[in-house]
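Chemist:
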Amino acid sequence: MEKDSELAQQLQEQLNRQDVGFAVKPITTCPHIPTNISSKVFIDTPCQECNELKENWQCLSCSTILCSRYVHGHMLDHFLNTKDHSVCLSYSDLSVWCFICKKYVINKGLEQVKHAAYVAKFGEEPPITSNIVIQQDDNNNNASASGSSSSK
Numbered sequence: 001m002e003k004d005s006e007l008a009q010q011l012q013e014q015l016n017r018q019d020v021g022f023a024v025k026p027i028t029t030c031p032h033i034p035t036n037i038s039s040k041v042f043i044d045t046p047c048q049e050c051n052e053l054k055e056n057w058q059c060l061s062c063s064t065i066l067c068s069r070y071v072h073g074h075m076l077d078h079f080l081n082t083k084d085h086s087v088c089l090s091y092s093d094l095s096v097w098c099f100i101c102k103k104y105v106i107n108k109g110l111e112q113v114k115h116a117a118y119v120a121k122f123g124e125e126p127p128i129t130s131n132i133v134i135q136q137d138d139n140n141n142n143a144s145a146s147g148s149s150s151s152k
């Protein structure tokens, strides 16, 4: 029995050291989303600090293009230097991240820029559209988001 417990502990420690994927639960409300987001995107623009072409993000406050934390971290540096440019769009997977909330964000206010990025990246209209439905719990708090899809 003791050997089983030791083995379980060793396996758990090994698992904790691995960079294992996990489910991402984006938020649907974020007070940091800029009010006037430009729908202009610059998919093929390199990082404006290091000229890296992969894993770039666009600041949704000022449209600056900088690399991710997995490259040289210039978008994170941009946020740390500005403090209020916290929401950015990934050109890799077209997700939106808020550095202040430390969460991915899905929100109707982001649809136009995400649509423009999709068209710029893939050269065609997105195959489906998603309607965001915000579900509330018994206390009228935003509990989760779900989407329904329809073909265009």
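Going by full-length UniProt numbering, the sequence shown opens with residue 1, and the numbers climb by one from there. All residues carry an ideal CB built from backbone N, CA and C; glycine is no exception. On a predicted model such as this, the values are computed, not experimentally measured, just so you know.
1) Just to confirm my understanding: we take Pro31, look at its own chain, exclude 5 residues before and 5 after, and list those with CB closer than 7 angstroms. What are they?
2) What are the start and end residues of the beta strand (DSSP E) that includes Val87?
3) Excluding sequence positions up to five away, which residues of its chain have a Cβ less than 6 angstroms from the Cβ of Ser61?
4) Rounded to the nearest angstrom, what separates Glu6 and Gln12 at their Cα positions?
5) Within 10 Å of its beta-carbon, does Phe79 have 16 or more other beta-carbons around it, so buried, or fewer, so exposed?
6) Taking the continuous alpha helix (DSSP H) assigned at Val112, which residues delimit it?
7) Going straight from the alpha carbon of Ala120 to that of Val41, what length do you get?
Modeler: Considering the structure as presented:
1) Nothing listed; no residue qualifies.
2) Boundaries of the beta strand (DSSP E) harbouring Val87: Val87 to Ser90, taken from the DSSP string.
3) Cβ neighbours of Ser61 beyond the five flanking positions: Pro34 and His85.
4) Per the coordinates, the alpha-carbon of Glu6 lies some 10 angstroms from the alpha-carbon of Gln12.
5) By the 10 Å Cβ count, Phe79 comes out buried.
6) Looking at the sequence itself, residue 112 is Gln, so the reference to Val does not match. That run of the alpha helix (DSSP H) goes Glu111 to Phe122.
7) Approximately 7 angstroms between the Cα atoms of the pair.
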